[in-house]
Amino acid sequence: VVKRTKPGSEVRALRTTVIPPRSGKLLQCRVSHPIDGCLGLMEPNRRGKMKAGVTVGRTLVEAGADEVLVIAANFSSVTQKICRGTVPSSGPAAGSVVLCRKRRAQ
66 VVKRTKPGSE VRALRTTVIP PRSGKLLQCR VSHPIDGCLG LMEPNRRGKM
116 KAGVTVGRTL VEAGADEVLV IAANFSSVTQ KICRGTVPSS GPAAGSVVLC
166 RKRRAQ
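Residue numbers (the working numbering): 66 to 171.
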């Protein structure tokens, strides 16, 4: 079953993370409104408050999980710090579970 959900869930960093220059790290994040049994598409915040040079890509997440991992890349030549509570995604569709697909029992 695939359903379109209303935007609104935010994905926030659980811990402060330091990303060295020209490298990437996994950010441990939490979904504000989990949806059990669904996989969701987390989209990056294109107009957001991420530091200059830091980019977050689209990520498929377990929307009902307590913690989700989001890849962040630092393309700048200086170390960047992503503070706890930072929203790597938000906006009209970003940061919410845009498409939700129920997982099949195995």
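Glycine included, every Cβ here is placed at the ideal spot set by N, Cα and C.
| request: Pick out whichever of V96, S88, V76 has its Cα sitting closest to the Cα of R129. | output: The residue given as residue 129 occupies position 64 in the sequence shown. A small correction: the amino acid at residue 129 is Gly; Arg does not occupy that position in the sequence shown. Of V96, S88, V76, the residue nearest in Cα terms is V96.
### Query
Can S74 be considered in contact with the ligand MG, in the sense that its beta carbon sits closer than 7 angstroms to one or more heavy atoms?
Summarising the ligand content, the structure contains no ligands, and the ligand MG is consequently not present.
Mind checking S142: buried by the 16 CB within 10 Å criterion, or exposed? For this step, residue 142 is matched to residue 77 along the sequence shown. Under this definition S142 is an exposed residue.
* Helix, strand or coil at E108 [DSSP, three-state] -> The count along the sequence shown starts at 1 and reaches residue 108 at position 43. Three-state result, E108: coil.
| 8 angstroms CB neighbourhood of P85 in its chain, flanking five on each side removed | As a first step, residue 85 is located in the sequence shown; it is residue number 20 there, counting from the start. Closer than 8 angstroms at the Cβ level, and outside the excluded window around P85, lie N139, T144.
**Report entry** Short Cβ contact (8 angstroms threshold) for E127 with V133
**Finding:** Start at 1 with the first residue of the sequence shown, and residue 127 comes out as number 62. Start at 1 with the first residue of the sequence shown, and residue 133 comes out as number 68. Cβ atoms of E127 and V133: closer than 8 angstroms.
- request: Take the Cβ of A78 as the centre, count every other Cβ of all protein chains shown within 10 Å, and call the residue buried at 16 or more, exposed below.
  value: Position 13 of the sequence shown, counting from 1, holds the residue named residue 78. Around the beta-carbon of A78, 16 or more other beta-carbon atoms lie within 10 Å, marking it buried.
### Query
With distances taken from CA atoms, which of G89, H98, K90 is nearest D131?
As a working note, residue 131 is residue 66 in the sequence shown. Looking at G89, H98, K90, the one whose alpha-carbon comes closest to that of D131 is H98.
For S88, tell me which candidate among G150, P153, V152, A137 has the shortest Cα-Cα distance. Your numbering for residue 88 matches position 23 in the sequence shown. With respect to the C-alpha of S88, the residue from G150, P153, V152, A137 having the closest C-alpha is A137.
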